[in-house]
Amino acid sequence: MRPITLLAQNLPQPQSGQRNYECIFHIQGNTHSVPALRFNSSSIQCQKTSYDYEGGDISDLPVDLSVVWNGNFVIDNPFNIQAHLYKCRALRDSCGMCLKADPRFECGWCVQDRKCSLRQECGGWMHATSGNSRCTHPKITKLFPETGPRQGGTRVTILGENLGLQFRDIQMGVRLGKVPCVPLEEEYVSAERIVCLLNDATGYRVQEAQVEVCVRDCVNDYRALSPRPFTFVTPYFTRIQPSQGPISGGTRVTIEGSYLNAGSYVSVSIGPLPCYFKKRNAREIVCVTPAGLAPGSTSVLVDIDDAELRNPEVKFNYTEDPTVLRIEPDWSIASGGTLLTVSGTNLATIREPKIRAKYGQAESFHNCTVYNNSVMVCLAPSVADSELGFSETGTGPDEIGFYMDNVNALVVVNETFSYYPDPVFEPLSPSGVLELKPTSPLILKGRNLIPAAPGNSRLNYTVLIGETPCILTLSESQLLCEWPNLTGQHKVTIRAGGFEYSPGTLHIYSDSLLTLPAIIGIGGGGGLLLLVIIAVLIAYKRKSRDADRTLKRLQLQMDNLESRVALECKEAFAELQTDIHELTQELDGAGIPFLDYRTYAMRVLFPGIEDHPVLKEMEVQANVEKALTLFGQLLTKKHFLLTFIRTLEAQRSFSMRDRGNVASLIMTALQGEMEYATGVLKQLLSDLIDRNLESKNHPKLLLRRTESVAEKMLTNWFTFLLYKFLKECAGEPLFMLYCAIKQQMEKGPIDAITGEARYSLSEDKLIRQQIDYKTLTLHCVNPENENAPEVTVKCLNCDTITQVKEKLLDAVYKGSPYSQRPKASDMDLEWRQGRMARIILQDEDVTTKIDNDWKRLNTLAHYQVTDGSVIALVPKQNSAYNISNSSTFTKSLSRYESMLRTASSPDSLRSRTPMITPDLESGTKLWHLVKNHDHSDQREGDRGSKMVSEIYLTRLLATKGTLQKFVDDLFETIFSTAHRGSALPLAIKYMFDFLDELLCFYLWLLKNNPQFVFDIHKNSITDACLSVVAQTFMDSCSTSEHKLGKDSPSNKLLYAKDIPNYKNWVERYYSDISRMPAISDQDMSAYLAEQSRLHLSQFNSMSALHEIYSYIIKYKDEILSALQKDEQSRRQRLRGKLEQVIDTMALAS
């Protein structure tokens, strides 16, 4: 807002009664009038006023200006003077952009408001003219390149905000870690861009570092760090393809290696001459070779910035230029397309040779196929579009030659070559359609059918009737075509080389097969059928009147149902679109509570046993210790251990449980001898495969049912060796999937009794009716410190008190291992209303509602807890107000959940009805959200809110879409051989070479049981969802095709479209592993020895030996007999040594 003064000439003085001067501004189509003051005849001033124009992105707007006096007299403006309106804040969101604005605008940075403004609009105002101005809080938004060689020389471009106002502000302030980067003044753009030249970093021990920019001083307010680090790499190349080419150059070569896209500049030389750069990426550089100096091998030199890449083993071989000696046949028709055999020398040095021809204005080329150094085959190029004619005796083209890289000598060759006119055929008929009987041949008439070319080569014709070729007989003026048995209309197509022509359509009609009596019989039968149809229509008319009445009644019901279906589908679609973004934002990746190695191994080896003997020190007598030591030495004899296992498996009383227990005990006892255990395992697996082949069992069942000691030992073997892999790589996406499933399930109602939920991947765990609920935001007092800030938790008003306590514990102890936090059963939920009013909320108390035989668990809605309430978790106590009879609920719920835990497979979860456990004392049945609708006491009215249950299956799709990213991340991690920079675990590659495609199933055994890897609690609905993902995983690993239909299970239909993509991942995974170099026995032995050393003291081997010895006692006679019968055992006296152990143990006892 400022006055505008204009200089003028001969401005008249307004007289009495005349209007004064006005300034008229034309702003974006609108006229804006401002009063003006005349100073004298040569000066006038538009008064101070405010202007405005639309467009927050327009910083400077020239507008037309005119001066008017006495209302309508316009002062001349011969120089078309304009006024400039401007907004300081437009396109100047940062301090640097503000201060570099045109000085005449007098824009400056308002420090306190953090915006660009005029001086009068701000108190703390900074302007570029002050000389020492600089902007705080510089920011780097983009950095490229992000990798470069250690030798330096990389031009690093830094884009951002507030990056200094003058070059001297940042001249000494750019570095990458400790490595200086020298800014280039000619590339500097004030406040926005810095281009610096990176110094040599070979003397610094740094792999990657953030780029640091300091504006004069390196203090926090004037220091910026790049959001992504710059990585120092060592680029190298390993080969060049193709490795040879003509001495004239022009060969497009690919140089293969790693980190070849690093740095800012690359140059390639073949010997002393540059190779013309085309493109590059991380693994290859493409360039075109220059002409060589002489035939022979030449070094390939690659320079990336200041790094000189050299590989003496990589050479490019210049060969003599190819030559063309002969073209056979030496003719073609004008449309080309005929096969030509080209003879010459050094033809194989050219990867993509082309033959070319030019005749008049027509020029074309065709690709050639090289067979060897002396022969290649080409298709003759077409010159049919030439404006020049062709003689029937042959016409030579203006040029005939070859494109062979840069071999210019072959662009035009001196070979004699002739073009003959294309054949000309007559139409089949004037109308274009010719009718023939099936037995009649087709005669195609024409001219130039046989070119008058010398030699034995002839033009080959193909005639198609529709898509069917016919048998041809050729003469000088016609083609005789005989076809197989065809009827109907078919297009006729004639082809010869590149010539193609359709003379018309052939209509092949068949002779009538019906006699006159047959025709009369058909007519009579048709008339009788017509009478029957008329009678049926009359009867139908009468029936339809009754149906109309019924239809009108049903119409109203259908309209109501249709509107409710549409509402439900619309809700599902909205959930699918919004929940993905919300869920990804809320999962902030809290710490992953991995189990320690010992607990992890025990959960897999001995599931369900928390206090196993192998975890405790065993106090034994000296004789017993001696005997067990001797027994341990026997176990390290491969023949004894194999005989022991085979003998046990041959006993009918040796149960499946015993097999798993023995396998786990053996692997525990041999924890320090992993190399020996691996040899035994390979022998047992070989025996298992041989037995499977002999019994002709289906190969897919092998290793799928864990029915043998070998199979359980394989699982344990993977358990020991893949712990690091699970912890460092596969654990995170599995935990993120678990968290995503748990959080998504808890966003909607979950039935505390049946485990059914609104959001589910499992059809069997889906609530199939409408549940009304609201989300409440509760403020939980921190149980560890009541003075600490309250924790905000989202719950549902339909949640039971136990469910609320679980959500509160999840929020308060977020990231803490489940075993280290309080249990919900040990805490009470206290609702605080003011300072004194405190109520203990419980699942069951004296206020619990009982309707007939049904007792409903208390929820937040039951207690009328409001949004924003303050609640607290306090140690368990008995309240005078809430006398809980919760033992009934605890018993029934624990009984129900235990049943779910014993059946965790998808098949066992399917078709199970919710379990209703009656109160043994009162005879009441507990329920939460849904009752068992198959129960005889269920009233029909209770199902009023339930629609057709299949409508709710759309929620499966909504849930699947929300979780899709996390499932994909897990599968992609599992089916990838490159795990975050670390190599594929040796155990996988080693056992893959032995078992091939069976590996996938055992990877999943470890990766689909989160509670085996993490310290968490997995409830029944989460388990059901993971089971659906597990089924998808197994289907992806299966080689058989799954045919799905409308009756297929929903858990298969849900991921039906994704499984083909996952199968491609599996195939790629197997292919990548198979292409990896085989692991030598020496490397595997070293790896196993290292694993044995790391975990040697995790388990008590004496306790494990003592447990194994119990099976020796149980099957003593059978084992001793087997050792006696075996010749190898007799030679090693294994029976005597075992008897010595048995006798020593007997004396000790």
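In UniProt numbering, the protein residues as written are 1 to 1149. C-beta atoms are modelled at their ideal positions from N, C-alpha and C, and glycine is treated no differently.
Taking buried to mean at least 16 other C-beta atoms within 10 Å of its own C-beta, is Asn803 buried or exposed? The sequence given here has Gln at residue 803, not Asn. Of the residues assessed, Gln803 falls on the buried side of the cut-off, its CB having 16 or more other CB atoms within 10 angstroms.
Short check: CB of Pro62 to CB of Gln82, under 9 Å? By the CB criterion at 9 Å, Pro62 and Gln82 fall inside the cutoff.
Skipping 5 residues on each side, what residues in its chain have a beta carbon closer than 7 Å to that of Asp942? Per-residue confidence for Asp942 stands at a pLDDT of 42, beneath the threshold of 50, marking its modelled position as unreliable; no derived number is given.
On the DSSP bridge list, what partners appear for Arg447? Beta-bridge pairing links Arg447 to Val424.
Go to residue 1163, then tell me how far its alpha helix (DSSP H) extends in each direction, as first and last residue. Lying before the first or after the last residue shown, residue 1163 is absent from the chain, which here runs from 1 to 1149.
Which runs of the alpha helix (DSSP H), 4 residues or longer, sit entirely within the stretch 722 to 779? DSSP runs (the alpha helix (DSSP H)) wholly in the stretch 722 to 779: 731 to 746.
Limits of the alpha helix (DSSP H) - the one that residue 1156 falls within: Absent from the model: residue 1156. The displayed extent of the chain is 1 to 1149, so no value can be given.
Of the residues Glu161, Cys95 and Gln120, which one's Cα is nearest the Cα of Ser133? Ser133 has its Cα closest to that of Cys95, out of Glu161, Cys95 and Gln120.
If you draw a straight line from the alpha carbon of Asn885 to that of Pro1049, how long is it in whole angstroms? Its pLDDT being 39, under 50, Asn885 is placed unreliably by the model, and nothing is read from it.
Please go through the same chain and pick out, in chain order, the residues whose beta-carbon is closer than 7 Å to the beta-carbon of Gly498, but skip the five residues on each side of it. Excluding residues up to 5 positions away in sequence, Ser335, Gly336, Gly337 and Ser382 lie with their Cβ nearer than 7 Å to the Cβ of Gly498 in the same chain.
Compare the C-alpha of Ile666 against each of Tyr1109, Tyr222, Ile522 and Ile170 and name the closest. Selected option, being the one with the closest Cα: Tyr1109.
Using a Cβ-Cβ cutoff of less than 6 Å, which residues in the same chain neighbour Arg598 once the five nearest sequence positions on both sides are dropped? If we look at Arg598 and ignore the five residues flanking it on each side, its Cβ neighbours are Gln1098.
Compute the distance between the beta-carbons of Gly731 and Phe594, then report whether it is under 9 Å. The answer is yes: Cβ separation under 9 Å.
Boundaries (first-last residue) of the beta strand (DSSP E) holding Gln244: In the DSSP assignment, Gln244 falls within the beta strand (DSSP E) that extends over Gln244 to Pro246.
Does the distance from the CB of Glu146 to the CB of Phe230 come in under 9 Å? Yes, the Cβ-Cβ distance between Glu146 and Phe230 is below 9 Å.
Check Ala101 in the structure and name its three-state DSSP category. Judged by DSSP in its simplified three-state form, Ala101 adopts coil rather than helix or strand.
What is the DSSP secondary structure of Tyr1087, counted as helix, strand or coil? Helix at Tyr1087.
Going by the beta-carbon positions, is the gap between Gly177 and Tyr204 smaller than 9 Å? Against a cut-off of 9 Å, the Cβ pair of Tyr204 and Gly177 comes out as a contact.
Find out if the Cβ-Cβ distance for the pair Pro180, Gly263 is shorter than 9 Å. Taking 9 Å as the cut-off, the beta carbon of Pro180 is found no closer than this to the beta carbon of Gly263.
Skipping 5 residues on each side, what residues in its chain have a beta carbon closer than 8 Å to that of Gln478? Taken in chain order, the residues that qualify are Ile443, Leu444, Lys445, Gly446 and Leu449.
What does the alpha-carbon distance come out to for the pair Met736 and Glu1090? Between Met736 and Glu1090, the C-alpha separation is close to 31 Å.
Proximal residues to Thr141 (C-beta, below 6 Å), its chain only, five neighbours per side dropped: Closer than 6 Å at the Cβ level, and outside the excluded window around Thr141, lie Leu159 and Gly160.
Cβ of Gly755 versus every heavy atom of the ligand ADP: is any distance shorter than 8 Å? The ligand ADP is not part of the structure shown, which contains no ligands of any sort.
The beta strand (DSSP E) that contains Phe631, what's its start and end? For Phe631, there is no enclosing beta strand (DSSP E); the enclosing alpha helix (DSSP H) has its first and last residue at Ala622 to Leu635.
In the stretch 264 to 348, which residue ranges form an unbroken beta strand (DSSP E) of at least 3 residues, counting only runs that do not cross its ends? If we require 3 residues or more, the beta strand (DSSP E) runs fully inside the stretch 264 to 348 come out as 266 to 270, 273 to 280, 284 to 288, 296 to 304, 307 to 319, 323 to 328, 331 to 333 and 339 to 345.
When you compare only the Cα positions, how much space is there between Ala294 and Ile247? Ala294 and Ile247 have their alpha carbons spaced roughly 7 Å apart.
Just how far apart, CA to CA, sit Leu11 and Lys139? So the two alpha carbons sit approximately 54 Å from each other.
By DSSP's criteria, Ile801 is part of a beta bridge. Which residues make up the other side? Ile801 is not bridged to any residue.
Contact check, Ser243 vs Asn346 under 8 Å by CB: the rounded distance? Actually they are not in contact, since the Cβ atoms of Ser243 and Asn346 sit about 15 Å apart, beyond 8 Å.
When you compare only the Cα positions, how much space is there between Gln15 and Thr31? Their Cα atoms are separated by approximately 26 Å.
Which listed residue (Ala1104, Gln1128 and Arg1135) has its alpha carbon closest to that of Ile1117: Residue identity differs from the one stated: residue 1117 is Asp in this sequence, not Ile. Cα-wise, what sits closest to Asp1117 is Arg1135.
Between residue 1172 and the rest of its own chain, which residues show a CB-CB distance below 7 Å, the 5 nearest in sequence each way excluded? Any answer about residue 1172 is impossible in this case: the structure gives the chain only from 1 up to 1149.
In the DSSP assignment, find the beta strand (DSSP E) that holds Arg223 and state where it starts and stops. Judged by DSSP secondary structure, Arg223 falls within the beta strand (DSSP E) whose first and last residues are Arg223 to Leu225.
Segments of 4+ residues assigned as alpha helix (DSSP H) that fall wholly inside the stretch 72 to 117: List check, alpha helix (DSSP H) in window: 95 to 99.
Tell me the DSSP secondary structure of Ile8 in three-state form. According to the sequence as given, residue 8 is Ala; it is not Ile. The answer is coil: DSSP assigns Ala8 none of H, G, I, E or B.
Determine which residues share a DSSP beta bridge with Ser364 and list them. Secondary-structure assignment with DSSP links Ser364 through a beta bridge to Ala357.
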